[in-house]
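Trainee:
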Amino acid sequence: MDYESLDGNKPMDDSASVSPKHRKYVGYWLAGLAFGIYFAVGAGGVTRLAESAMKMTDRNPFRWIPPFGHWEEEFENYKKYDEYPRLTEEDRENLTLSNFEFKWFLVYFHRMGGRFLFAAFFGPFIYFWIKGYFSDTLKKRMIFVAILMASQIPIGWWMLNSGLHHELMANKKKPGVSQYRMAIHLIIPFFMFGVFLYSALSMFLKPQDHLNVSTINMKRLRCLGKAMIGMLLVGSAMGKYFVILKRLFSHNSY
Numbered sequence: 033m034d035y036e037s038l039d040g041n042k043p044m045d046d047s048a049s050v051s052p053k054h055r056k057y058v059g060y061w062l063a064g065l066a067f068g069i070y071f072a073v074g075a076g077g078v079t080r081l082a083e084s085a086m087k088m089t090d091r092n093p094f095r096w097i098p099p100f101g102h103w104e105e106e107f108e109n110y111k112k113y114d115e116y117p118r119l120t121e122e123d124r125e126n127l128t129l130s131n132f133e134f135k136w137f138l139v140y141f142h143r144m145g146g147r148f149l150f151a152a153f154f155g156p157f158i159y160f161w162i163k164g165y166f167s168d169t170l171k172k173r174m175i176f177v178a179i180l181m182a183s184q185i186p187i188g189w190w191m192l193n194s195g196l197h198h199e200l201m202a203n204k205k206k207p208g209v210s211q212y213r214m215a216i217h218l219i220i221p222f223f224m225f226g227v228f229l230y231s232a233l234s235m236f237l238k239p240q241d242h243l244n245v246s247t248i249n250m251k252r253l254r255c256l257g258k259a260m261i262g263m264l265l266v267g268s269a270m271g272k273y274f275v276i277l278k279r280l281f282s283h284n285s286y
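Set out below in structure tokens:
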């Protein structure tokens with residue numbers, strides 16, 4: 033059976049040739065990745081709110097082990113970068129070694145989570161592709177997501193670099209990464225989350241079997257959904273922009 037979308041024109045998923053058992057395997061994998069992206073974005077938000085993003089100055093992608101027993105050396109290395117001299121006197125006093133260690137681990141777990149997601153995606157991705165568990169439509173989606181996920185590595189480095197060097201922070205009153213670069217770093221996981229979740233649901237659900245929605249109403253619903261997604265992306269990007277610039281309280285009246 034060739035499953036069709038609710039508008040009767042485009043196939044919701046052309047994976048009818050894949051057995052239901054294998055569809056479920058792929059569906060569970062995609063659902064797990066969607067929730068992984070959700071928690072990774074949350075962890076990134078906690079890292080940002082704690083102002084921890086630049087406490088881990090080592091950008092080596094192959095570093096896995098924390099500097100146990102060498103925290104003083106790690107702290108002194110952090111002080112060599114431009115964030116520390118630009119901190120207020122009060123912030124410097126509050127940034128004790130134990131506080132630095134705590135913030136360092138926030139960044140560490142955020143990065144490790146990203147690396148785990150990277151492995152959790154590409155390992156099964158290659159396996160399922162070889163086994164033929166992907167339809168042509170799903171292959172295109174997964175290639176798109178693979179490009180987005182791989183791009184997060186240079187984008188993350190590019191974002192962090194904007195907060196570590198004086199010439200890139202010349203116009204900032206307080207040290208921090210570029211609001212534009214961080215917005216890009218945030219928006220990309222939104223696209224990945226959407227693709228993972230939609231694809232996972234398409235592995236489990238067959239709404240055309242029990243719903244009879246007119247083509248006109250379905251097209252209206254699609255347009256409304258796309259508009260809402262667009263507003264969500266713009267609102268999220270602007271929110272990140274205002275948080276970094278400390279503009280949330282610039283208007284103290286509703």
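The sequence shown begins at 33 in this note's numbering and counts up by one.
Note that CB positions come from ideal geometry on N, CA and C, so glycine has one too.
Please read all numbers here as calculations on a predicted model, not as lab measurements.
(1) On the criterion of 16 or more Cβ atoms from any shown chain inside 10 Å, does T79 qualify as buried, or is it exposed?
(2) Find out if the Cβ-Cβ distance for the pair M86, E115 is shorter than 8 Å.
(3) Grouping DSSP H, G and I as helix and E and B as strand, with all else coil, what is M214?
(4) Is it right to say A259 is buried, meaning 16 or more other beta carbons lie within 10 angstroms of its own, or is it exposed?
(5) Assuming L129 is part of the alpha helix (DSSP H), what are its boundary residues?
(6) Could you say which of K251, L237, C255 lies nearest to R55 if we only look at CA atoms?
(7) List the whole-angstrom C-beta distance separating G195 from V209, where the pair is believed to meet the contact cut-off of C-beta under 8 Å.
(8) Reducing DSSP to helix, strand and coil, say where L237 ends up.
(9) If we ignore side chains and look at the alpha-carbon of each, how far apart do H242 and T89 end up?
(10) Out of G146, I185, E104, which one is the CA nearest neighbour of V73?
(11) By DSSP, does M86 sit in helix, in strand, or in coil?
Mentor: On the basis of the data shown:
(1) buried
(2) yes
(3) helix
(4) exposed
(5) 129-163
(6) L237
(7) 4 Å
(8) coil
(9) Here H242 scores only 42 on pLDDT, less than 50, and its place in the model is too uncertain to base an answer on.
(10) G146
(11) coil
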